[in-house]
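S.K.: In full-length UniProt numbering, the protein residues as written are 1 to 564.
All residues carry an ideal CB built from backbone N, CA and C; glycine is no exception.
Structure below.
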């Protein structure tokens with residue numbers, strides 16, 4: 001590669017359907033590998049930057065899935081031709097989504113391009129994704145994704161500097177003259193900036209003492225599973241090098257293009273190998289992270305499962321065990337609308353402001369930027385804080401270990417104590433993946449028509465001798481308290497007089513078909529119920545939810561793909 005290159009303009013054609021969802025554009029690999037398809041979308045992202053584009057710095061990295069390195073190469077060449085001044089690229093094209101947010105914020109860049117389909121499977125016959133994060137480090141809000149989409153619908157050409165080839169496997173800085181302008185690619189260590197940030201937030205010596213054993217306490221045995229996703233290098237550096245756990249305590253820590261055939265979604269179904277290992281092994285604690293590192297699952301001894309809704313509430317109740325929050329104070333808590341209301345009870349008891357927002361991390365980001373929010377979470381295994389503008393799996397694991405070190409109790413003891421204080425919100429989610437879109441849409445229309453009938457509010461829904469009285473039913477909408485923007489049609493809600501809820505949503509994170517999610521949440525304050533299985537407690541409400549929706553008739557599905 002010469003140190004001076006010339007860009008050229010390539011004529012293209014418009015591809016339909018390049019509309020980014022809540023987490024960017026996700027499609028099958030074979031869609032992205034069509035001629036000009038990836039190039040078009042990258043050009044649209046850059047053009048959407050408007051007058052910020054010329055001379056800007058952007059971060060680029062991804063979860064290591066198939067087609068990632070090739071896509072990084074294309075982004076480098078297109079960015080160079082579009083007057084970008086500098087790209088900060090993760091070594092091997094690897095950067096976890098939380099690390100991208102960290103780097104954007106640390107170096108005050110104009111944003112970042114993240115190559116991920118998150119928890120979707122990887123490989124030539126699986127999924128790929130591209131999302132844009134803004135200068136606050138968070139996912140692009142609707143006004144930006146709408147602008148990107150609008151550009152894709154009328155794009156006639158893209159610019160590219162075809163002669164640029166950068167070896168992204170090697171940490172190095174490359175300077176090139178492109179059309180007479182200076183262009184730099186900085187290939188950086190993928191882990192350093194993120195690790196430094198975690199050491200600012202947590203007391204690593206306290207966590208290390210817990211894991212190594214000290215003052216007569218035995219070592220606290222952990223099993224950390226990277227699911228062959230992006231977190232592997234971060235797990236090795238943080239848990240092995242910094243915290244001293246042995247190699248047998250970390251598994252699946254090599255990022256693989258197809259995630260080793262695993263479905264990199266940290267839940268009881270797809271992380272079954274972790275569940276089984278902890279159920280049958282000596283471990284006190286287990287954690288798994290998804291493909292791009294923003295989701296987490298937490299397990300206690302004998303695979304005691306902590307629901308994400310409970311995880312958020314327990315962290316909220318114990319934030320003072322984390323040094324970062326002692327410095328910043330606690331500004332507010334938030335959860336996505338479908339998430340169980342356990343954190344609401346902590347907020348009420350501690351007098352901290354609570355926000356309920358639509359699904360999508362960008363809604364939390366707005367509140368954080370305005371100084372209203374410290375801790376937030378989604379039932380879909382996402383937990384995070386205002387240290388960045390993304391959910392953060394490893395952060396959540398370190399936060400749990402901080403709480404355990406501070407309280408000196410097991411995971412199960414911490415939960416039981418928490419329920420004694422606040423009561424328990426039993427929560428479950430049924431996912432029906434890859435349904436026919438037509439049937440799924442018709443089902444949602446049918447439910448909405450039913451719940452909008454004037455006689456629905458106040459009606460009684462009964463199953464197995466248990467009756468629930470409808471207090472409110474709607475299609476959830478949200479007005480952002482910071483900028484006044486409105487999000488409509490965010491999920492069908494049925495709220496009952498006893499605080500129980502049924503929620504139906506079509507998910508936007510799949511690459512094909514429709515994923516129907518049914519959420520059921522019920523509050524109990526009777527201590528004799530706290531150790532019961534959530535599925536047993538919620539069975540009558542689940543039966544009501546399935547019967548009311550006519551899900552079987554509309555989709556032909558007898559059982560969910562995943563229950564969490």
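Can you give the Cα-Cα distance for residue 401 and residue 207, rounded to whole angstroms?
M.R.: 6 Å
S.K.: May I have the straight-line CA-CA distance separating residue 279 from residue 422, to the nearest angstrom?
M.R.: Near 27 Å, if we compare the C-alpha coordinates of residue 422 and residue 279.
S.K.: Work out the CA separation of residue 328 and residue 348 for me, nearest whole Å.
M.R.: Rounded to the nearest whole angstrom, the C-alpha separation of residue 348 and residue 328 is 20 Å.
S.K.: If you check the beta carbons only, do residue 109 and residue 294 fall under 7 Å apart?
M.R.: no
S.K.: Is there a Cβ from chain B that is less than 7 Å from the Cβ of residue 276?
M.R.: Although the question refers to chain B, the structure presented lacks it and comprises just one protein chain.
S.K.: Rounded to the nearest angstrom, what separates residue 524 and residue 438 at their Cα positions?
M.R.: 37 Å
S.K.: Measuring alpha carbon to alpha carbon, tell me which residue in 220, 145, 319 is nearest residue 360.
M.R.: 145
S.K.: Please state whether the Cβ-Cβ distance between residue 111 and residue 135 is less than 7 Å.
M.R.: Residue 111 places its beta carbon less than 7 Å from that of residue 135.
S.K.: Please give the ranges of any beta strand (DSSP E) in the region 430 to 470, keeping only runs that are unbroken, at least 3 residues long and fully inside the region.
M.R.: Listed in chain order, they are 460 to 463.
S.K.: Taking the alpha-carbon positions, what's the residue 297 to residue 77 distance?
M.R.: Distance from the CA atom of residue 297 to the CA atom of residue 77, rounded to whole angstroms, is 38 Å.
S.K.: Around the C-beta of residue 170, are 16 or more other C-beta atoms found within 10 angstroms, so that it is buried, or is it exposed?
M.R.: exposed
S.K.: Suppose only complete runs of 4+ residues qualify. What are the alpha helix (DSSP H) ranges in the region 207 to 284, listed by chain order?
M.R.: 232 to 235, 272 to 280
S.K.: State the beta-bridge partners of residue 300 as determined by DSSP.
M.R.: 285, 304
S.K.: Which of the three DSSP states is assigned to residue 521 in this structure?
M.R.: strand
S.K.: Between the C-alpha atoms of residue 19 and residue 47, what's the straight-line distance to the nearest angstrom?
M.R.: 15 Å
S.K.: Since residue 65 sits in a beta bridge, which residues does DSSP pair it with?
M.R.: Answer is none; residue 65 lacks a bridge partner.
S.K.: Please return the same chain residues whose Cβ sits closer than 6 Å to the Cβ of residue 434, not counting the five positions on each side in sequence.
M.R.: 513
S.K.: Measuring alpha carbon to alpha carbon, tell me which residue in 137, 15, 426 is nearest residue 59.
M.R.: 137
S.K.: When DSSP labels each residue in this structure, what does residue 568 get in the three-state scheme?
M.R.: Limits of the chain in this structure are 1 at one end and 564 at the other, which puts residue 568 out of reach.
S.K.: Could you tell me which residues DSSP pairs with residue 139 in its beta bridges?
M.R.: 133
S.K.: Measure the alpha-carbon distance for residue 284 versus residue 313 and round it to whole angstroms.
M.R.: 21 Å
S.K.: How would you write the range of the beta strand (DSSP E) that residue 377 sits in, first residue to last?
M.R.: Per DSSP, residue 377 is one residue of the beta strand (DSSP E) stretching across 375 to 378.
S.K.: Tell me the residue span of the beta strand (DSSP E) that contains residue 357.
M.R.: 354 to 357
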